Amino acid sequence: MKFFIDTANLAQIREANDLGVLDGVTTNPSLMAKEGVKGQEAVYNHYKTICEIVTNGDISAEVVSTDFDGIIAEGKKLAAIHPNIIVKVPMIKDGVKAMKWFTDNGIKTNCTLVFSAGQAILAAKAGAKYVSPFIGRIDDSGWDGVQLIEQIARIYTIQGFETEILAASIRSSIHIIKCAEAGADVCTCPLDSILGLLKHPLTDIGLAKFLEDAKKFS
Ligand code: G3P
Numbered sequence: 005m006k007f008f009i010d011t012a013n014l015a016q017i018r019e020a021n022d023l024g025v026l027d028g029v030t031t032n033p034s035l036m037a038k039e040g041v042k043g044q045e046a047v048y049n050h051y052k053t054i055c056e057i058v059t060n061g062d063i064s065a066e067v068v069s070t071d072f073d074g075i076i077a078e079g080k081k082l083a084a085i086h087p088n089i090i091v092k093v094p095m096i097k098d099g100v101k102a103m104k105w106f107t108d109n110g111i112k113t114n115c116t117l118v119f120s121a122g123q124a125i126l127a128a129k130a131g132a133k134y135v136s137p138f139i140g141r142i143d144d145s146g147w148d149g150v151q152l153i154e155q156i157a158r159i160y161t162i163q164g165f166e167t168e169i170l171a172a173s174i175r176s177s178i179h180i181i182k183c184a185e186a187g188a189d190v191c192t193c194p195l196d197s198i199l200g201l202l203k204h205p206l207t208d209i210g211l212a213k214f215l216e217d218a219k220k221f222s
């Protein structure tokens, strides 16, 4: 399973990248706004900087147009920033049409705002490289996000779809573990959820004891 970090914060991206286990980055307009990036040029430069930090991974950059022509024009500009850019397109009618156009024209896409198996089937049919079910937001609405990952994984296996399942809207380290079990190809996570995987009290207790005993022979 690949690890992406879900942020536009450069310090956090650097920290995750330095761990050596990062495979990519996802962003969205809300995450860009949170970093105070303003204006198209600044946004595009921010994506370029992210691509220069994570040199060996896919970087999702989201369109904000909602009509076919607008999505195509914007997607082409985003894809031109860097070869590692994946154009993130919302699951709407013109988005599906645009993803098929991008697929036919060699531009890779990440289908975002996915909340059902039907939407995941459409994304795969349009040739998206990634499909992003938002599992945390599904949990928030009283449904089970991890169950959706399992369902999509079953369908994609049965049908032989090559689209990768990118579990998004991850809220905790447990989400990452459950998505790994459920068959997600990628988890995009906040830094805290990735670092949370490190923690176990018995590791801390065991290390303290080893270090104490090491003093006896050093
Ligand atoms: O990038 C999309 C997704 O990960 C959003 O997460 O926490 O806003 O539901 P969240």
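Using this note's numbering, you'd call the opening residue of the sequence shown number 5 and step up by one each time. Here a beta-carbon is modelled for each residue, glycine too, at the ideal position from N, C-alpha and C. Everything numeric in this text was worked out from a predicted model, so none of it was measured.
Applying the criterion that 16 or more other CB atoms from any shown protein chain within 10 Å of the CB defines a buried residue, is residue i buried or exposed?
{"i": "I209", "result": "exposed"}
{"i": "E78", "result": "buried"}
{"i": "A84", "result": "exposed"}
{"i": "G28", "result": "buried"}
{"i": "V110", "result": "It is worth fixing the name first, because residue 110 is Gly in this sequence and not Val. Under this definition G110 is an exposed residue."}
What would DSSP say about residue i, mapped onto helix, strand or coil?
{"i": "V190", "result": "strand"}
{"i": "G28", "result": "strand"}
{"i": "I96", "result": "coil"}
{"i": "L170", "result": "strand"}
{"i": "V47", "result": "helix"}
{"i": "S177", "result": "helix"}
{"i": "V67", "result": "coil"}
{"i": "I111", "result": "coil"}
{"i": "D62", "result": "strand"}
Chain-ordered list of residues that sit, by beta carbon, closer than 6 Å to a heavy atom of the ligand G3P: D10, T30, N32, F138, G140, R141, A172, S173, T192
Inter-stretch contact (C-beta, 8 Å, three-pair minimum) for the segment 111 to 130 and the segment 153 to 167: yes
At least 3 beta-carbon pairs within less than 8 Å: the segment 20 to 34 vs the segment 179 to 188: no
Three-pair Cβ contact test at 8 Å for the segment 96 to 110 versus the segment 129 to 136: yes
The segment 182 to 202 touching the segment 8 to 15, judged by at least three CB pairs closer than 8 Å: yes
Contact between the segment 60 to 67 and the segment 28 to 37 (3+ Cβ pairs under 8 Å): yes
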